[in-house]
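The next block holds one structure in the form of structure tokens; read it before the comments.
Chains as they are written, first to last, in the numbering used here: chain F, 704 to 932; chain X, 31 to 261.
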């Protein structure tokens, strides 16, 4: 193992890591926002409300992220309507394409997590809210969503780690995030083992920090106090 | 509505077969690795526990794509040395072998946790009963633990297999001619990226549905003799 090379290229890898973090942060936050209506609709009692999010989730969970990324980055250019639209400067840019794809992808998974969490809320708590005279919307915002967010938080933290690993795919559309940066450096140094090892250590470090961060968040939200159902 | 595939239909079919082959080979390797990992993690020996833990943590913390690239490009010099030692010139890992190893490694790391949970879910009394009957440790494992564990681990393994099947798309990055690679080739000729990537997406959806149906029947079969809702 050639440590000097690793140390020499560490700053560039760190630069790639910041782009990775940026991609993941935008995707999991925007994905969460998108997933809330999807998850609520998915848990609905009416089949026609359930159908649309079901199809969305089925597509995005049933196909590889790489296919989705290529569909957005290369595929959309097939249509003249897209190319002449005002959104084209964004849809041409690999960064925004990756962010968009990752957001849509993770939203499907988070929506499923949210549905599971909503359905895991003890019925009595919802009935209690209704018995106190809360409206449906009020029950949703003050009782069900805060409760579901605590039930679903551990699964959400898993999803964030999975998205961190999925962000490596951005390197296939020319983005220089951690994996892309590593591949560029290897093209120059011809030392795949050293550089990929260093990049892998970066990923391990980031996921370790994320796990610790979510532990703190769980303590702050007192997730364990809600478990005695 | 009919889709013009520009004569790439057979190529896509060949790619689908390659994807299925890759997924099944990686599944086999991953199941073996996962079982070994779980046995190591639940063994009473500290070094083995440590080894199993290190394997599952290390592999799960690093992206699958990085493993694919690392195993394909990182083993070139190693294979050269091995080739020299064995007097086989030009020995190298082809894309298929690298893909199987990389995806099997990742599947195995997650399967380690699934199998470990399943082993721990088997009541301690069963093992003790085996010991009391004078069965050897290998026998207890193969006759008592493994058959019971299978049923508990099956749903988790099914999920992992779906993930594995989608991860096979990553191997197109190192040039293996599976669905994605064939689609890319078709796109360069036809200049219709959306059409071909959409077709690829629907092939993956079809494979997922087939795998889901297969899992459903396997779970049903594994659960025979158990009352519903009684686990």
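In this text, a Cβ means the ideal position worked out from N, Cα and C, and glycines have one as well. Please read all numbers here as calculations on a predicted model, not as lab measurements.
| Quick one: what does DSSP say residue 927/F is sitting in, helix, strand or coil? | Of the three classes helix, strand and coil, the one that applies to residue 927/F here is helix, per DSSP.
| message | Cβ closer than 9 Å: which chain X residues qualify as neighbours of residue 918/F? | response | In chain order: nothing, as chain X lies at least about 16 Å away.
| message | Which residues of the segment 198–219 of chain X have a Cβ closer than 9 Å to any Cβ of chain F? Give them in chain order. | response | 198, 199, 200, 202, 203, 209, 210, 213, 214, 217
| task | Compare the beta carbon distance of residue 86/X and residue 158/X with 8 Å and say whether it is the shorter of the two. | result | Against a cut-off of 8 Å, the Cβ pair of residue 158/X and residue 86/X comes out as no contact.
| query | Using the C-alpha atoms, what's the distance from residue 758/F back to residue 811/F? | reply | 10 Å
| residue 843/F: contacting residues in chain X (beta-carbon distance under 9 Å) | Chain X residues near residue 843/F: none, gap ~29 Å exceeds 9 Å.
| message | For a quick check, are the C-beta atoms of residue 719/F and residue 903/F less than 8 Å apart? | response | Not in contact: residue 719/F and residue 903/F (Cβ atoms no closer than 8 Å).
| If you draw a straight line from the alpha carbon of residue 96/X to that of residue 88/X, how long is it in whole angstroms? | Between residue 96/X and residue 88/X, the C-alpha separation is close to 12 Å.
| request: Helix, strand or coil for residue 260/X, going by three-state DSSP, please let me know. | output: Its pLDDT being 48, under 50, residue 260/X is placed unreliably in this model, and the value from its coordinates should be taken loosely. If DSSP states are grouped into helix, strand and coil, residue 260/X belongs with coil.
| request: Would you identify the three-state DSSP class for residue 117/X, choosing helix, strand or coil? | output: coil
| Backbone secondary structure at residue 932/F - three-state DSSP | Summary for residue 932/F: the model assigns pLDDT 47, below 50, so the residue's position carries little reliability; its value from the coordinates is reported in the next sentence. In the structure shown, residue 932/F sits in coil (DSSP, three-state: anything other than H, G, I, E or B).
| So, does the CB of residue 185/X fall closer than 8 Å to a CB anywhere in chain F? | Under the 8 Å criterion on CB atoms, residue 185/X is classed as non-interfacial with respect to chain F.
| said: Rounded to the nearest angstrom, what separates residue 202/X and residue 208/X at their Cα positions? | reply: 7 Å
| said: Determine, for residue 774/F, whether the minimum Cβ-Cβ distance to residues of chain X falls below 8 Å. | reply: yes
| query | Hey, quick one: how far does the alpha helix (DSSP H) through residue 197/X stretch, first residue to last? | reply | For residue 197/X, the uninterrupted alpha helix (DSSP H) segment begins and ends at 176–197.
| query | Does residue 240/X come within less than 8 Å of chain F when only Cβ atoms are used? | reply | no
| Other residues of its chain near residue 132/X: CB distance less than 6 Å, five sequence neighbours each side excluded | 97, 98, 101
| field | Assigned exposure category for residue 825/F - 16 Cβ within 10 Å defines buried | value | exposed
| said: In whole angstroms, give me the CA-to-CA distance for residue 761/F and residue 54/X. | reply: 23 Å
| task | With distances taken Cα to Cα, identify the nearest neighbour of residue 855/F among 729/F, 711/F, 819/F, 881/F. | result | Residue 855/F has its Cα closest to that of 819/F, out of 729/F, 711/F, 819/F, 881/F.
| query | From residue 123/X to residue 105/X, what distance separates their C-alpha atoms? | reply | Taking the straight line joining both Cα atoms gives about 7 Å.
| Beta-carbon contacts of residue 708/F that lie in its chain and below 7 Å, excluding the five residues immediately before and after | Cβ-Cβ distances below 7 Å link residue 708/F to 892, 894, 897 in the same chain, with the five nearest sequence neighbours on each side left out; the list follows chain order.
| query | Quick one: is residue 71/X near chain F, going by C-beta distance under 8 Å? | reply | no
| Is it a yes or a no for the segment 868–876 of chain F touching the segment 722–738 of chain F, going by three-plus beta-carbon pairs under 8 Å? | yes
| task | Answer with buried or exposed for residue 212/X, where buried requires no fewer than 16 other C-beta atoms within 10 angstroms of its C-beta. | result | Here residue 212/X is buried, its C-beta having at least 16 other C-beta atoms within 10 Å.
| query | Cα-Cα, which of 923/F, 890/F, 886/F, 865/F is closest to residue 1005/F? | reply | One cannot answer for residue 1005/F here, as it falls past the ends of chain F, which runs 704 to 932.
| task | Identify the contact partners of residue 228/X in chain F, using a Cβ-Cβ distance below 8 Å as the criterion. | result | 774, 778
| said: According to DSSP, is residue 92/X part of a helix, a strand, or is it coil? | reply: The three-state reading of DSSP puts residue 92/X in coil, since its state is none of H, G, I, E or B.
| request: Evaluate residue 749/F with the Cβ neighbour count: other Cβ atoms within 10 Å of its Cβ, from every protein chain shown; 16 or more gives buried, anything less gives exposed. | output: exposed
| said: If you follow the alpha helix (DSSP H) that residue 246/X is in, where does it begin and where does it stop? | reply: 223–252
| Residue range of the unbroken alpha helix (DSSP H) whose run includes residue 171/X | Unbroken run through residue 171/X: none, as it is neither H nor E.
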